[in-house]
Each structure stands twice: as C-alpha cells, then as structure tokens.
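Asker: Chains as they are written, first to last, in the numbering used here: chain A, 1 to 370; chain B, 371 to 691; chain C, 692 to 967; chain D, 968 to 1408. Quick reminder that beta carbons are idealized off the backbone N, C-alpha and C, glycines included. This structure is in structure tokens; I'll ask about it shortly.
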C-alpha cells in the first residue's frame, strides 16, 4: 500500500460517448477524478451513471472517446487488467464458493501463491470483521455480511480504483447508515480512488469528496457536495439535490427586477438579465423566513417532523412553497401569514436553457410587493 | 432486468438497434468477445445446418420428385405431388383426423391437467408421492404406454372390458382399437393420459405463486369456492395456459409414435394423421417424393400454430420461451 | 368434525384419481409377474395367484433384450453427452455474448424446437445412406441431435438467463477471462440446469421411436423402443407377460431418475417452455 | 438460480464427472469381424431362434473368421424394412421365410442375386418336384429357393367344445362352419378368430376365401378378376363371420389370431401347424381336444384351396462376400440344423426336401408323432398349395403380388366392407381400380 501508487489512481473520461444503437446513454462525458478521491456519480435511474461505471470497469465499451486510469488509456484493456475492483449492487458473490474462496478469487486469478493468498484474505477479513464467517457460503449470510464480503473481495486486491455500484441499496435504512460510516472510514484508511454510483443524494452528500450529477447521459455538474448544494449549475441539479426540494418560481425579468405574481425582487448591480427574459427563481425551504417579511401567503398544510415542521404555503400566482420551519413556531393550516427571504441565498436560472445566472438581489422593500 | 452490461437484455427497448451498434463495434476487446461468442455457438450452428436446415431444404426439394424408395431412383415431377395431394381424399381425411385428434386430446389434457393440478395443490396425504405417480405417464416411453394400453384394451383378457362388464356398463367386450369411432376415442384417451401431466406441472407451478392475499380478499368479498376459482385462479392461470395450450397443440399435432403404435392409423385410415401418412407413403407405398410433399404440407399447417405461439410471446413483451 | 370428514373424503377422492392415473402402470407390473396361463383366465385375476419371474428371465436370456438395452444405453448416453456439451457452450454464447445474428439464431432454435421429426426424417435417412452410416448407433446419435439439441439449447438458455449477469462481470473484474469466468462461475451455477437438461435429453433419447424405426434395421444398433415393439408384432405369439416385463425393464432408468432426481425434472419443466 | 441442489464439493465432483464423460464418450462403432453376415427372418419364436443359433454355430465353426448375426424382422414389418435396407445398401446377407411372392417383386427390380448356385449346392434332385418352379421368374434363373412349405389356412377345431355344443360333423361348407361357430359361441368363447386388421394375414385369409368361393383375384393371364360373384360371396362370408369373432378381431393379425385359439378363447382357429407347439407350451389343457382340417369352402363342389406362402430363401444382390453367403444359404439345408429348425414348430414349416421328410430324425418328434394325421394333412395340403404369386397351376407367376399384399388393398377391402359398412359395389370397384394400378406400376 504505497502512497505513490494511490496518487496514480487518477481516472479520466475524455469525450466519452456510449450509444446502444440510436439510444445514446452517455454523451460527451469529460470527467477527471483525482487519485484517492471519493467521487459519487449521482442521478436518477437511467441517467447513464451505471453505464459510466461499467465502462470504467471494462464491462461496457465506449462508442467513442477515451477512458484512462493512472494516465494509461484502458479502452482496450480487459476488465481484469485495469486494476480496478468493483462492488456490485447485487454483491455478485459466487454462491458456490465460501466467503474465503470468494475473497481469494481475485488473488487466485492473479496467480498469487497460496500462502500469501491466505494471509491477505485473513487480513481483509479481519478489517471487515468477517473472520468467523470465512467458511460459510454466501447464502448463509445476512445482507450486511454479504455486503462486507463483497467489499472484502474488492479490498483484498488493493486496487488503484474501487468501483461501487449502489452497494447499499439492498440494505435496510439502519444498516445503510452504518455501512455509510464504515465506507467513509475505509476510504479514509486506505486512500484509494472510490467511484460510487448512487441515486441517493444523502449517500453522495455524506460520503463524497466530489459529486458528479448526471442526467440523461449528460454530466450536469461536478463539484464538492457544498458546491453542488449551494451553487447548483442548472435547474436539474437545483431540483435534484436537497430534500425537500428547492422551490422553483417561474417569472421574468422586467425593469431590473425578477417578477412573479407573488413577489418582485430587484437585481443588485452587475449585469442583470435583460427585460422580458423568462427566469426561474430557486429558493431552498430553509431560506424562507416565516412570520415577518414583505410577502403574504396562506398556510395550506403543516407536517410536524418533531425537530422541525415542513409547511406548504399557497402564494399568489397559484404556486405553492415548501418551507422548513422551526418546530416551535405556532402554525396551523388555513392561517394567513407574512414571509420573507434570505436574498443572499437565492438561485436564479435561465428558464429556457436551465443554466444558472449569477445575480444578486437587494432586499425587497415591504411596499415593493407586486 | 436493468440495462445490464454484456448482452443487452433481450427485453431492452433498444434491442433491435443494438445489433447495428454491434456491427460498428471497433473495440478490439469487444470484437474479441464477439468472436469468442461466435466460436462457442459455432458447433451448434454447424450441427443445425447439417442435420436440420439441410434436411429441411431437402424435404422441399424431394417433394418435387417421384422417388421409388427401395432403389431411390427418382424423376423430377414439379408440383405434381402437391396437385395429387390436393385431389386426394386420403390427404384431406388425414388432415381432418389430425385436427380432430389434436383438438380433442388437447382439450382433455387441459381440463384434466388443471383439475389434477388444483387437486394436488391442496394438502393431501403423501402429496409428493401422488405427484410422482401423476407425472410418470409423461416420462414413460410411448412404446411402454402403448403396450400397456393395448393390454388394457385387449378384447378377450383386457381388464378394461372386464371391469366395465362387471360394473354393468358393457354387456359385451368393446372393440377399443379396431372400429370407428372407438379407435379415435381410445387414441385420444391414451393421448390425454400420457400428456396431461405436462399441464399439471405447468399449472401447479403457477398455482403455487398465486398470492394467498388474493384468495383472502375474494373471501372477504363474499366469493365462494367456485367464485374464487373463477375470479382469482383462472385469470392467474391464463398466461400459463395460453403457452401450454400452444406448445401442446404443436406437439400433439406432430405426434407419431402413439397413434402409429396404437392403431397404425386404422381402421383403414380412420385414425391416420399426417405424420402417419408420411411414413406410410415413404415406406409402405415406397413413394418417397409424395411422402415429402405430405411432410411439407404438414409443416405449413404447423407454421400457423408456431406463428401464433411466437406472436403471443411477443405480445407479452417476453422473449419467446 | 365436518371439516375432518370433508378432509378425509377429499383425500380419498384425490388418491382415487391418482390410482386411476397410475393404474396402467400398476397393471403392467402385476401382469409381468403372472404366469402366462393365468392371463387367459376369464374373468382376469387381479392379484397374481402365483408370482413368477420367468418372463424376466426369458426376456434377459432368450431374447435380444439385453442387446437392445445396451444399444439404448450407449445411444442415450452418447446423445446426451454430445448434445449437452454443445448446447451448454451454445446457450452460454446466446445468453452472454453479442454478435450479429444472435437474435435470429435464438428464434431459429425455438423454431427447430417445435419442428416435427417427420419432416426431417426422409432427408436424414438419405443423408445417412449417403454417408454410409445408416444402420448404426452413430446414425441415431446424429438423428437424435435434431430434436435433442434444440431442446437442450432452449432449456439451458432459460436456465442460464436465470444466472445474474453480475456474477460473470464480477469474475471478469476480478481478473478472469471470459472462458475463465465461464468455467469458474457460470458452469457451477448452471450445473443444476445442466443436470436437468441431461436427464431430459436422456429420457427423450431413451424413448425415441420414429428415427429408430426408419434408420435402423439391424439388431446390432436397434434400441429398446423398436426392439420391444418388434417382439409384439411377431406372428408366432403374443406374450403379454413378456411384453409387460419388457416394459417394466425398459422403464427402469426412468424409475431411478424418478426416485432420486425428480426435482431436476420438475425444474426442467419450469425452464423448458412453460413459464407463463 | 437457487443453489440448494448440492454442496459445493458434490457439485464440483459431478461437474468433473460430466466433463470426463464428455471427453471419453465411447464412440459408436460396430464390431468388425473379418466377414460379417446378417441373416433375417420373420420366423423368430424362441425355439426357432435356438435352431438358428445352432446352424450359425456350426457354420461359424466350419468357416473360421466368419460371423453370422441373426436379426428378426416380421410379417408386417418386412416390406418397409427391406425397402429401407435396399435403399441404404445395408442389406442383410440372407433372408429366409419371406413368402415367395415378395421375392418376385424384388427380383423384378433387380435387387436379388440368382439362387441357382445355392439350389445346385443343396441338390435340385432332393427337393420335392416343382418346389422351385415358383421362383423361376426369369427363364433359367431362380430368384430364391424354398426353405419350407406352409399351410396357412388350416381349420383348427376344439373337439370338446363341439361335443358340448352338439356339433358332430367337421364343417365342410361355410354355412356349416358358421352354424357350428354360432352354436359353440357362448360362455366367453367365440366362434372363430378371423383377422380383420389392415395387415397381411387379413389379405391372405381373404384370398383363401375368394378361392373358397370358387374365384381368384386375378385371371390366369393376370387380369384383375374381382368384379364377380365369387369375390362378392367371399366378402359376404367374411362379413357374416364378424359376429362370431372376438371384438378385437378388427385388429387381428397372425399373432392375435393364433393366441385367441391357443388360449381357448375361440372354438375354431385358422392357422398353420404352429398351433401344435403353442398349445403344448402355453395351454396343455386343450392339447387332447384339438384337430386339424382343411378350411371349408362355399360348397362341397368347390375344392379346398390351401394358402402356402412358400417360405423362401433369398440373397440380396448388394450382399457382401457373396461366395460365403451362398455357402451359408446352402448350409441352412444341412439335415442336422434344418431338422432342428423344422422341429422348433412341428407342422408349421414343412420340409421342402423329400430327403428330409424321409429321415427318421425328422419323423421322430413327440408332437409329430402325437399329431401325425394333422401333420400329414398339412404336408399334403401345402404340397398342393398356392398363393397370390401363383394362384393356381394355370396362372402365370404374378411378380406384383408382394406389392399388392404390402399395399393392403385386399385387407382394406375387407375393412371397408365389414367394419366401415361401405356398399359392396363401391368396395369392389375401388379394389379393382387399385389392383389394376398396382399391376401397371
């Protein structure tokens, strides 16, 4: 486990395109992942993230473009020779082999001599608390144990890159949280490149150094969890990341301000969007202040969550806002109330292209309410 | 089936287009895999060509000749064999017999099969033994089945005649195989006996997957046993029954051994079906060309069944199984 | 009480149905141990008054039954081995490889699976004559592949489709070649399916009649089906006890399979084309 | 796929076994002796097989390096089997006991080797006079030779049942036969076991009835001769006997008909001398109550007509090792083996060599002694017997007879009229047409 090697666990996709006939699954993907980084490929199902991972593993071949690992183009390298390990969603444990045989299999295929093989299996098993289970068959294990065996089989080879394809999706919620922590710990310990495919933003946000958000075969944004959350590159990312999801209000620019039936927000300085342009304003549920503010609304629904409450507000223009509110606030459905915004944390998007517009707003005057 | 990696799963929406991409595959690794795949299927393809495709084409070719079997001397006669068939009452009678046999035996197989499956799906004592006994006829050789049944049907010493006479159903032994319509009835009965276990297994497997809740819900809704069968069981069985009926129709239609050994197609041609006619023309009448024409004609009739089968599977969005 | 009575009644009825279904086979066994003269009794006796195994002895020592048995064993085993070996590779290729024409090929397999033997038999017969192998066990092995291979391919294909793709993928990533993955992972997983398929192929070959009737004209290569049937149509006698003894003996492999390997048969049924 | 099938170890062991089997699959090859002969016959009762084995053994001992395999064919199966054998070129070396008329058809197609050498080896002077005449289809060349005579349509009677039914005289005419059968048919016993199946026996028995009605199937110069009273009367008689035969007679052929009489299910029988051996072996209770007679005819004026199918020996032209084959064919007539063959079913196949008949070894047989009168009657009848290939002494040989029997035209005529109840005129005209077609082809 030399640190020198971990540095070349760098992965690069260049203009990678994958099509099954006319059905394009991945488009012109450019992605550079640093060695030792934990990167999640996040997106809804069918977004091309799994195909991307499989192309990296060598289980699928790009239609065009190149994929390199550690600086070497691997397009024509067999999966087993790419020095990557993969953990499958189904775990793909070999049912007819014991846990020990499962873990030893990659070593056997690499011609590692038996004594060393046993030693390394033992070590991997210890680090994953599998020692007692070594002589069992996969079907005699619980889901979590199987998951750990799958990890062990990847771990034992000490590969440059770990590929994980939704590895936690078959576990129950509690176990999933536990395994998340274990994975973070594991990554911290071995510092190999982890590429983690998931549709669960919570997993991506909590574990990753960086997240690549994909949609319909196109990379939407590649950045740290904070970047992706705080500066979503486009409407898709904005809508996909965050729970409850970001509120999106359709309006347009006029007279140096964003106009929506319920609210008007003057742009502050810079180069504001041209008048007449159709825009989308994004506000996260936690970025609304209830009780006071320039705008009026009526409470449609209150969902108490214990530590907070989620409130749906009917505002003018027929839109509904989902708002996160302090559990202590006395709110009841049907009531009218005032609300305001944290203007520094608003997001603005071009309604046509969906792209992010960097704009600043000045706090609206109470009277400016449209 | 998700968009799995290697072979695009057959149900993949882009399945047709995938082949186009395959042709365009440039990755040597991918090409190597394809080559290996072709290599693995090569023995199959070779054997298929040699023993199925070639004979199939030859059958068409042979049907255009008049061939004397013992010497295999033949002369080209064009479509005359077919013209003769079209004007031959024996051919039409055989086709009719073929259809009668198929429809009757198939109906019995399905009815008996579903009933037996329902029965075996209940908790009865020694169920697995019962199931084995019911299954056995399907696997036993047709030769054995026919010998046993001919012995049962025997006019003088057959247990069947004696049991029926003892029970007062008959007062004279019945000629089960030598006269019409008895011969057809007997053949149909033996066919049903031999092949209904196929339906039993298929239906039983499906019955075991019907969720118990469906029955509970129906019971709560006030359905009796009959209602539960009609409204829950039968709709659940529909899919499996369609496939079973089509498969068995195809197999029953081409049945040779059972009928040939039981009645030889007799009396005269009372139970002669097309496969028997092929054999008779080729080796009884020594008219190999005409026999081929009958075989080809039979094939055409069967194509109808097959196309329906293919279509049903396709309509279900399933690959053909 | 009423429920218990109903239960008993149902059990009785069910077993009556089972008995009626199995009766012909029971009768076969009973007849085979009756002395010939007892068969001529009117009305027939149900239980033999006297049990004799003379028919079995005569069958084995005075008729070519053992020769037929040997032929059937060689024939069915050879067919099974050849067909299952070829079909395992072929099915693996159909399920897990991509190449032009693969879909068409799968359809062709289904088509041939439904094809009637009687269409192929005349050209096959001429082919065997031409090859000079007519009248040999080899000719029957070749002929039997015409129905056994599509059948085995179809069955194995179904079985192999049930093996998750990811298992092979995992092996590939773990460093195996395609063939390595096939031997290490696919084959062990497909083994129950291969056993099922082998049993079905064996039984199909064991029971085949038409090809044997047309292609073989010599005791040296005659299998049990046509051999035993020849005993029936002989003009000198109709010995039902002997024929029933032959039927019982002929069913022995089947009885063995039923007693010990039945689950493989039921499994094969599921895969073999009736998944609704 | 679930894997609850077996443990990993077991699974791997089975896998290994499967592979090993695949690699070591025994390839299918036939054992090759230097010279391999194949002998076919439809006469395959166990006792006959035993005699054949003796003949094979003595031949193999006398001819080192030669192996002879005996293979069974059957009366119903031989046309298809011979057709297939000729077509494939994989012919048997020698075929015995086929009816003489079958040979004529094969000869006509150039499929047979002339038997002159064999006849000369056996000694033409040893045969009964004219025994080989029916085989001389081409002047000076014999398509086969006889290995026996048979009287296929002897009437067998159960004297005990006759007595019980008050039938005193042996029936001479059809009416008497029918009457006797009617009186004896009771208590589960039927009158007669006439065959009504679509097979050679029905055809042959029907030919007997046509002759019994004073007719013939063909005129002496081989014109179809069925549109006349004799043919119609024969059909009528056949039909009238249906109710006196067991229900399954609609499918009867040689074996069934024989077994019906031997088992005691019918009061009369119609068969060769095989009855004697089978009664002795299977149903000795009736052994002392049977007698053998010529089959009745329509009236006392019409003479008896015996069907002799002239069991033959033939050698296919394609047979290998012709010299050895011919030696073997001649070997079959060597007294030690030949008498064993004949004794395997005394009275069933009767000798064609007068030298054999005269031998004490032949005459000293328990069954022949016991049923001397029957055996003598059968020999006498067979000697005067004919078949479809040669219907009367006035007839020309009919080389199409084999195909006519194999086509089942005649048995179908019986089935049409008796079972299907088709009108007489239609049955007769269809039969006439089809016979004419077969004669032309």
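Between which two residues does the alpha helix (DSSP H) harbouring residue 782(C) extend?
Answerer: 756-787
Asker: What residues from the stretch 546-558 of chain B come within 7 Å of chain D, judged by C-beta to C-beta, listed N to C?
Answerer: Residues of the stretch 546-558 of chain B with a C-beta less than 7 Å from any C-beta of chain D: 547, 548 and 549, listed in chain order.
Asker: What are the residues that DSSP puts in a beta bridge with residue 1008(D)?
Answerer: Secondary-structure assignment with DSSP links residue 1008(D) through a beta bridge to 1039(D).
Asker: Put residue 1064(D) into one of helix, strand or coil per three-state DSSP.
Answerer: coil
Asker: What are the residues of the stretch 620-641 of chain B that lie near chain C, defined by any Cβ-Cβ distance shorter than 7 Å?
Answerer: 620, 624, 626, 627 and 631
Asker: 8 Å is my cut-off, CB to CB: does residue 894(C) come that close to chain B?
Answerer: At a cut-off of 8 Å between C-beta atoms, residue 894(C) counts as an interface residue with respect to chain B.
Asker: Does DSSP put residue 554(B) in a helix, a strand or coil?
Answerer: helix
Asker: Would you please state the rounded distance, in angstroms, between the beta carbons of residue 1208(D) and residue 1145(D)? I believe it to be under 8 Å.
Answerer: 7 Å
Asker: My guess is that residue 653(B) and residue 1051(D) are in contact by the Cβ rule of under 8 Å, so how many angstroms apart are they, rounded?
Answerer: With 8 Å as the limit, residue 653(B) and residue 1051(D) qualify as a contact, their Cβ atoms being about 6 Å apart.
Asker: If the cut-off is 9 Å on Cβ atoms, which residues from the stretch 775-799 of chain C count as contacting chain A, listed in chain order?
Answerer: none
Asker: How about residue 235(A) and residue 349(A): do their beta carbons lie closer than 8 Å?
Answerer: Taking C-beta atoms as the reference points, residue 235(A) and residue 349(A) count as a pair closer than 8 Å.
Asker: Should residue 1214(D) go down as buried or exposed, given a rule of 16 or more other Cβ atoms within 10 Å for buried?
Answerer: buried
Asker: Measuring only the C-alpha atoms, how far is residue 1227(D) from residue 545(B)?
Answerer: 15 Å
Asker: Output needed for residue 543(B): all residues of its chain with C-beta closer than 6 Å, excluding positions within five of it in sequence on either side, in chain order.
Answerer: 525 and 531
Asker: What residue from 685(B), 576(B), 624(B) and 423(B) has the CA that sits closest to residue 644(B)'s CA?
Answerer: 624(B)
Asker: Say whether chain C places a C-beta atom closer than 8 Å to the C-beta of residue 384(B).
Answerer: Reliability fails at residue 384(B), whose pLDDT of 39 lies under 50, so the model's placement of it is uncertain and no value is given.
Asker: Look up residue 400(B) in the DSSP assignment and say whether it is helix, strand or coil.
Answerer: helix
Asker: For the stretch 219-230 of chain A, which residues have a CB atom closer than 9 Å to at least one CB atom of chain B, in sequence order?
Answerer: none
Asker: Taking only runs that begin and end inside the stretch 1115-1150 of chain D, name each unbroken alpha helix (DSSP H) of 4 or more residues, in chain order.
Answerer: If one requires a minimum length of 4 residues, the alpha helix (DSSP H) runs lying completely within the stretch 1115-1150 of chain D are 1126-1132, in chain order.
Asker: When the distance is taken between beta carbons, is residue 937(C) closer than 8 Å to residue 756(C)?
Answerer: yes
Asker: Reducing DSSP to helix, strand and coil, say where residue 413(B) ends up.
Answerer: When secondary structure is reduced to three states using DSSP, residue 413(B) falls in the helix class.
Asker: Going by alpha carbons, who is nearest to residue 364(A) out of 340(A), 306(A) and 87(A)?
Answerer: 340(A)
Asker: Any idea if residue 695(C) is buried or exposed, counting beta-carbon neighbours within 10 angstroms, 16 or more meaning buried?
Answerer: exposed
Asker: Using only the alpha-carbon positions, how far apart do residue 206(A) and residue 185(A) sit?
Answerer: 12 Å
Asker: Determine the extent of the alpha helix (DSSP H) in which residue 51(A) is found, giving its start and end residues.
Answerer: That run of the alpha helix (DSSP H) goes 49-57.
Asker: Going by DSSP in three states, residue 314(A) sits in which element: helix, strand or coil?
Answerer: strand
Asker: What residues of chain B sit near residue 836(C), judged by a beta carbon separation below 8 Å?
Answerer: Going along chain B in sequence order, the residues near residue 836(C) (Cβ under 8 Å) are 417 and 421.
Asker: Nearest chain A C-beta to residue 399(B) closer than 8 Å, yes or no?
Answerer: yes
Asker: Taking only beta-carbon positions, decide if residue 847(C) is within less than 8 Å of chain A.
Answerer: It does not: the Cβ of residue 847(C) has no partner Cβ on chain A nearer than 8 Å.
Asker: Could you tell me the boundaries of the alpha helix (DSSP H) in which residue 714(C) lies?
Answerer: 693-723
Asker: With DSSP run on the structure shown, which of helix, strand or coil describes residue 957(C)?
Answerer: helix
Asker: Determine, for residue 13(A), whether the minimum Cβ-Cβ distance to residues of chain B falls below 8 Å.
Answerer: No, residue 13(A) does not count as interfacial toward chain B.
Asker: Using a threshold of 8 Å, state whether the C-beta atoms of residue 39(A) and residue 165(A) are closer than that.
Answerer: no
Asker: Short check: CB of residue 1177(D) to CB of residue 1197(D), under 8 Å?
Answerer: Yes. Within cutoff.
Asker: Near residue 567(B), which residues of its chain fall below 7 Å by C-beta distance, leaving aside the five closest residues on each side in sequence?
Answerer: Correct list, in chain order: 504, 505, 507 and 508.
Asker: Check each residue of the stretch 800-824 of chain C: if its Cβ is closer than 9 Å to any Cβ of chain B, include it; give the result in chain order.
Answerer: 800, 801, 802, 803, 805, 806, 807, 808, 809, 810, 811, 812, 813, 814, 815, 816, 817, 818 and 820
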